[in-house]
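Enquirer: Going by the numbering used here, the first residue of the sequence shown is number 477, and it counts up by one from there. Each residue gets a CB set at the ideal place from its N, CA and C atoms; glycine is no exception.
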Amino acid sequence: MPYPEISRPSPNFTAAPAHERLGVCFHHSVLDFDAALARLTDPASEVSYHCLIASDGTRATLVADEHIAWHAGASTFLRRTRCNDFLLGLAFAGDTYHAPLTAEQIASALEWLAPRWAEHGWTPERMTDHRQIAPGRKDDLAPAEWARLLVAIGERFGCRPGR
Ligand SMILES: [Zn+2]
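#1: So, using beta-carbon positions, are PHE562 and GLY499 closer together than 9 Å?
#2: Mind pulling the beta strand (DSSP E) runs of 3 or more residues that sit fully within the segment 573–606?
#3: Which residues mark the beginning and the end of the beta strand (DSSP E) in which GLY565 is found?
#4: Does the segment 490–506 come into contact with the segment 609–627, if we say contact requires no fewer than three beta-carbon pairs (one atom in each stretch) closer than 8 Å?
#5: Taking the alpha-carbon of ASN560 as reference, which of GLY570, PRO478, ILE544 has the nearest alpha-carbon?
#6: Can you have a look at ASP605 and say buried or exposed, based on whether 16 or more other CB atoms are within 10 angstroms of its CB?
#7: Once DSSP output is grouped into helix, strand and coil, what is the label at LEU513?
#8: Pair every Cβ in the segment 530–540 with every Cβ in the segment 594–602, then say whether three or more of these pairs are closer than 8 Å.
#9: For GLU631, report the span of its alpha helix (DSSP H) as first-last.
#10: According to DSSP, is ALA520 part of a helix, a strand, or is it coil?
#11: Whose CB is closer than 5 Å to a heavy atom of ligand 1? List the residues in chain order.
#12: Who pairs with VAL500 in a beta bridge, going by DSSP?
#13: Give the straight-line distance between the Cα atoms of ARG639 and ARG632, rounded to the nearest whole angstrom.
Okay, here's the thing in structure tokens:
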């Protein structure tokens, strides 16, 4: 049964050039779902993700995949900087250092990933989190929660991390 998907358009994106969609950077928002949506749709924040997932699995779409959401800042992945150009931003509402991801959040993320995984030919190596691409500057996700998520991705998409 699919999780609800709602539209909460954010003004905080770059429309061109088209997003490259080479993989996904996962985040947590620290703020709860409603407070995060208020911030992410405020032009003054200059922050957005493509999608934010509530603790009950509800997904809010903020920026279309083909546009560049402003989620990663100064970062490096695949030996490139400007990760916003090629990594989609998927965020979990809350703070993974204080509360683990809910089963619904993980299941909803897998549901969001599924059609994109096939379309873009992703592998687990194209999945990362903000902590790993901006070390010392950002700490999301908590390492144990990232590990849980990566195992779930490997199980869902038929491959194991590190192989
Ligand atoms: Zn982040």
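Expert: Let me lay it out:
#1: Contact flag set, yes.
#2: Taking only runs of at least 3 residues, the beta strand (DSSP E) segments lying wholly in the segment 573–606 are 603–605.
#3: Element bounds for GLY565: 563–568.
#4: Yes, they touch.
#5: Of all alpha-carbon atoms in GLY570, PRO478, ILE544, the one lying nearest the alpha-carbon of ASN560 is that of ILE544.
#6: Buried is the call here.
#7: For LEU513, the secondary structure class from DSSP, reduced to helix, strand or coil, is helix.
#8: Flag = no, the segment 530–540 and the segment 594–602 do not touch.
#9: Counting along the chain, GLU631 sits inside the alpha helix (DSSP H) bounded by residues 619–632.
#10: ALA520 sits in a helix when the DSSP states are folded into three classes.
#11: Counting only residues whose CB is nearer than 5 Å to a non-hydrogen atom of ligand 1, the list in chain order is HIS503, HIS606, ASP616.
#12: Bridge partners of VAL500: LEU564, MET603.
#13: Since pLDDT at ARG639 reaches only 48, below the 50 mark, its modelled position is unreliable, and the value read off the structure follows with that caveat. Distance between the alpha carbons of ARG639 and ARG632 is about 15 Å.
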